[in-house]
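Each remark here refers to the structure printed beneath this line.
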């Protein structure tokens with residue numbers, strides 16, 4: 066699955082270097098941007114404390130829309146070599162089968178994905194291993210001093226450090242919490258094999274508001290079956306502790322109608338947990354530096370918009386703003402602000418934030434407005450089920466069985 070097994074990530078030795086763009090953070094956002102700029106011939110430095118990306122659990126599926134952005138950036142074949150494609154998704158609502166969706170989705174483990182992308186870095190864009198000790202930014206040049214004494218001078222500094230705060234604080238940029246401990250993602254392997262499970266992936270939506278479940282999705286990554294469950298609880302919630310102690314028991318109670326499809330939810334791994342808060346950034350409109358991905362804003366992974374935001378940031382920068390900025394001298398704040406004011410970026414960020422907030426409220430709020438919204442949605446979906454059954458009732462029995 067990963068080309069990282071066949072090639073080592075190139076690493077640059079300490080010293081002094083001058084580049085067009087310095088990127089701090091070699092997660093998904095930073096590495097994809099480095100690869101994209103390399104294709105455009107930009108002198109680029111990519112800086113990260115670790116040669117191999119550390120184990121990190123994040124949501125593990127993305128959609129065709131995001132694949133389209135990888136293709137636009139020229140990274141489609143590389144991304145496809147690192148993921149597992151799916152073509153059919155069985156949807157369960159109201160405790161029963163609801164519909165089968167056609168259309169591709171792509172599953173991956175975040176750490177092998179990032180390491181595979183890093184391994185594809187060209188020789189002229191090596192990974193600089195180091196921690197940033199000092200940062201100085203200005204309208205013309207940006208300077209990074211690493212803890213080993215290496216110095217990187219650049220026209221533009223891109224901060225792609227995800228949730229890490231050290232570089233943000235050094236620059237003087239503040240993270241603002243919009244919704245603390247907004248959602249929780251649980252990830253675990255199922256003991257059932259992909260051959261026994263079948264070709265479809267599966268998504269089950271919660272039935273009761275009290276359960277605070279957005280949905281459970283089960284899919285294949287390579288030769289193992291993986292589950293991601295998105296819930297609106299905190300790590301300290303007794304429900305979460307009970308789930309981690311005996312996930313099989315709780316899943317069989319919550320979703321008995323799909324338990325047989327999943328090998329009765331026998332679990333083959335520890336339960337990974339990731340808490341997410343919704344955040345934005347303040348004080349980021351300044352000379353010479355731009356923040357992208359989770360370094361700029363964080364949203365709930367349940368809606369699948371995180372990768373979309375990252376790739377949108379990279380595309381806007383690489384295809385539009387960096388070429389325009391480098392066409393004239395200087396890198397003052399008025400240039401940088403063109404990126405933050407880009408309507409395509411604004412739309413992607415706003416969509417992700419709105420979807421994150423709406424999904425939590427529609428699944429957890431008990432006020433009259435939200436009860437009526439759920440009733441409306443439930444009625445429409447029940448009518449869809451009734452209409453499908455009515456249409457199928459008129460078909461020959463062999464066709465219905467098929």
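Numbering (this note's numbering), first residue to last: 66 to 467.
Here a beta-carbon is modelled for each residue, glycine too, at the ideal position from N, C-alpha and C.
Requested in this report: Tell whether a beta-carbon distance below 8 Å holds between residue 264 and residue 164.
Outcome: No, the pair does not count as a contact, with Cβ atoms beyond the cut-off.
Check your understanding: How do the stretch 289-307 and the stretch 342-356 stand: do at least 3 beta-carbon pairs fall below 8 Å, yes or no?
Key -> no
Query raised in the report: Does the Cβ of residue 371 have 16 or more other Cβ atoms within 10 Å, making it buried, or fewer, making it exposed?
Result: buried
**Prompt:** Residue range of the beta strand (DSSP E) that residue 321 falls in?
**Reply:** Where residue 321 is concerned, there is no enclosing beta strand (DSSP E), given that its DSSP letter is neither H nor E.
Checklist entry - Assuming residue 251 contacts residue 338 under a Cβ cut-off of 8 Å, what Cβ separation, rounded to an integer in Å, is found between them? => result 6 Å
With DSSP as the reference, label residue 140 as helix, strand or coil. coil
Practice item. Less than 8 Å between the CB atoms is what I'm expecting for residue 420 and residue 368, so what's the real figure, rounded? Key: About 4 Å separates the CB atoms of residue 420 and residue 368; that is less than 8 Å, so the two are in contact.
By DSSP's criteria, residue 219 is part of a beta bridge. Which residues make up the other side? 84, 207
inquiry  = Is the separation between the beta-carbon of residue 204 and that of residue 378 shorter than 8 Å?
reply    = no
TODO: With a threshold of 16 other CB atoms inside 10 Å of the CB of residue 449, please say whether the residue is buried or exposed.
DONE: Classification for residue 449: exposed.
| request: For the stretch 336-380, list the beta strand (DSSP E) runs that are entirely contained and at least 3 residues long, ordered along the chain. | output: 337-347, 354-356
According to DSSP, is residue 417 part of a helix, a strand, or is it coil?
Reduced to three states, the DSSP call for residue 417 is helix.
key: Own chain, CB closer than 6 Å to residue 361, minus 5 neighbours either side, in chain order   = 346
Can you tell me where the beta strand (DSSP E) holding residue 186 begins and where it ends? Element bounds for residue 186: n/a, residue is neither H nor E.
Check this for me: beta carbons of residue 292 and residue 313, under 8 Å apart or not? no
Cβ neighbour criterion (16 or more within 10 Å) applied to residue 139:
exposed
Would you tell me roughly how many angstroms separate the C-alpha atoms of residue 418 and residue 458, rounded to the nearest one? 42 Å
_Span of the alpha helix (DSSP H) around residue 387_ = 387-391
* Asked: Residues in its own chain within less than 6 Å of residue 466 by CB, not counting five upstream and five downstream?
  -> With a pLDDT of 36 at residue 466, under the threshold of 50, the modelled position of this residue cannot be trusted, and the question is left open.
Quick one: give me the first and last residue of the beta strand (DSSP E) that residue 197 is part of. 197-201
Item to check | Span of the alpha helix (DSSP H) around residue 405 | outcome: 398-405
TODO: With a 10 Å radius around its C-beta and 16 neighbouring C-beta atoms as the bar for buried, classify residue 260 as buried or exposed.
DONE: exposed
- Return the bridge partner residues of residue 180 from the DSSP annotation. Residue 180 is not bridged by DSSP to any residue.
Is it buried or exposed for residue 455, if we count other Cβ within 10 angstroms and need 16 for buried?
exposed
So what does DSSP say about residue 159, is it helix, strand or coil? coil
Which residues mark the beginning and the end of the beta strand (DSSP E) in which residue 120 is found? Careful: residue 120 lies outside any beta strand (DSSP E) and carries neither H nor E.
| query | Can you name, in chain order, every residue of its own chain whose Cβ lies under 8 Å from the Cβ of residue 280, other than the five neighbours on each side? | reply | 268, 269, 270, 271, 294, 295, 367.
>> Is it the case that the stretch 127-145 contacts the stretch 166-177, given that we only count it when at least three CB pairs across the two stretches are under 8 Å?
In response: yes
Enumerate in chain order the residues of its own chain whose CB-to-CB distance from residue 199 is below 6 Å, with the five nearest sequence positions on each side excluded.
210
**Closest residue to residue 223 among 447, 97, 183 (Cα-Cα distance)** = 97
Self-check item: CA-to-CA distance, residue 394 to residue 85, given in whole angstroms
Solution: 12 Å
Item to complete: Kindly indicate which residue of 92, 443, 284 has the alpha-carbon position closest to the one of residue 155.
Response: 284
### Query
How should residue 453 be labelled, buried or exposed, when 16 other C-beta atoms within 10 angstroms of its C-beta is the threshold for buried?
exposed
*asked:* Just to check my reading of the structure: residue 58 and residue 120 have Cβ atoms closer than 8 Å, yes? What is that Cβ distance to the nearest angstrom?
replied: With the chain covering only 66 through 467, there is no way to say anything about residue 58.
* Whether residue 344 touches residue 278 by CB criterion (8 Å) -> no
Open item on the list: If distances are taken between C-alpha atoms only, which option among 246, 137, 212, 146 comes closest to residue 232?
Closed with: 212
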